[in-house]
Amino acid sequence: MMNMKFAFAVFLMVAFINTEVEGKSKADKKAAGEEIERLVAIGQSNDVEMERISKQKDSLDSQLQRMNAKRDSIKAQITRILDDNLPIKRISSRRDYSFSEDEKEMIPKCCPWVIWCCL
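The opening position of the sequence shown corresponds to residue 1263 in the working numbering, with each subsequent residue numbered one higher.
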């Protein structure tokens, strides 16, 4: 009878330990599942944010292209005005610096191209 009680006690202890281990593994599985769900939710929100940022980038890229086109247009207008009002003779080499006194007076002291380059 004593052996039966002892065997029954051992059986209950083993059963209790097994349920405790299974309970922990179930709890661990549940915690891992919740962690996975949390990470998936974070990933989905990151995807939404990346899509929003991508749209903003596309919008900013098109704005930048328009601004560059405006800048190029303004530079072209300035160049045209400078060429119309202050024609600059192109000199192919240093040896071509044989200006008469009248021509030397017509050369502006500050090159108008400096204005264009500063824009």
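Just so it is clear, CB atoms sit at the ideal spot from N, CA and C, and this is done for glycine as well.
Alpha carbon to alpha carbon, how far is residue j from residue i? Give it in angstroms, no decimals.
| i | j | result |
| --- | --- | --- |
| I1340 | N1330 | 15 Å |
| K1332 | S1316 | 24 Å |
| S1287 | A1294 | 10 Å |
| D1320 | N1308 | 18 Å |
| E1299 | L1322 | 34 Å |
| A1338 | D1345 | 10 Å |
Open item on the list: Suppose only complete runs of 3+ residues qualify. What are the beta strand (DSSP E) ranges in the stretch 1287–1338, listed by chain order?
Closed with: none
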